[in-house]
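This report concerns only the one structure given below.
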Amino acid sequence: MRKLLTAAAILAVASFAMAAETWTSDYAKAVELSKKSGKPIMAFFTGSDWCGWCKKLKSEVLDTNDFMAWAKKNVILLELDYPHAKAQSSALKKQNQALQSKYRIEGFPTVLFLKSDGKVLGSYGYDDGGPKKWTANADKFIKKS
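Note that the sequence shown covers residues 1 to 145 in the numbering used here.
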């Protein structure tokens, strides 16, 4: 039983570490990765602790294996969070506010597909139908890059 619990704990930590590595909250890092890879940036503007549609998009699409497999091949993932209760560093808040202003984000969730130079390829949000439908629609934007 003890070995089983230890194995489960290791697996949970490894899964969390892998998920954390695929998303960044650092815009400069996302731009650098985009330039190196030639992939566009997928910027997810979210209110993680208060926005119901953001939570729905995350659980139904962004947290799925189908989406993560698609993302690994096609985009650099950038999460820009605007929480009400969750603590953030002042530098992160400043970065996120500047990007919200620059791209005129007024509603959440908003997903922007960006070139490494910041040019917008397209905008998307929550869409009912799961990850396969969502990524098929997202493909239309990233093909412009």
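Beta carbons: idealized from backbone N, C-alpha and C, even for Gly.
Between residue i and residue j, how many whole angstroms is the CB-CB distance? I'm expecting something under 8 angstroms.
i           : j          : result
residue 77  : residue 71 : 6 angstroms
residue 114 : residue 43 : 6 angstroms
residue 67  : residue 22 : That pair is no contact at about 10 angstroms.
Checking the sheet assignment: what are the DSSP bridge partners for residue i?
i           : result
residue 110 : 45
residue 32  : Looking at the DSSP assignment, residue 32 forms no beta bridge with any residue, so it has no partner.
residue 124 : 111
residue 79  : 44
residue 134 : DSSP lists no partner for residue 134.
residue 23  : 77
Whose C-beta lies closer than 6 angstroms to the C-beta of residue i among residues of the same chain, with five residues either side of it excluded?
i           : result
residue 30  : 24, 41, 76 and 78
residue 116 : 31, 34 and 35
residue 39  : 75 and 76
residue 47  : 54, 82 and 108
Determine whether the beta carbon atoms of residue i and residue j lie at a separation below 7 angstroms.
i           : j           : result
residue 84  : residue 53  : no
residue 121 : residue 141 : yes
residue 62  : residue 80  : no
residue 27  : residue 97  : no
Who are the near neighbours of residue i in its chain, counting only those whose CB is closer than 7 angstroms to its CB and skipping five residues on each side?
i           : result
residue 133 : 127
residue 110 : 45, 123 and 125
residue 60  : 130
Residue i: buried (16+ other C-beta within 10 angstroms of its C-beta) or exposed?
i           : result
residue 101 : exposed
residue 138 : buried
residue 157 : Any property of residue 157 remains undetermined from this structure, which presents the chain solely from 1 to 145.
residue 58  : buried
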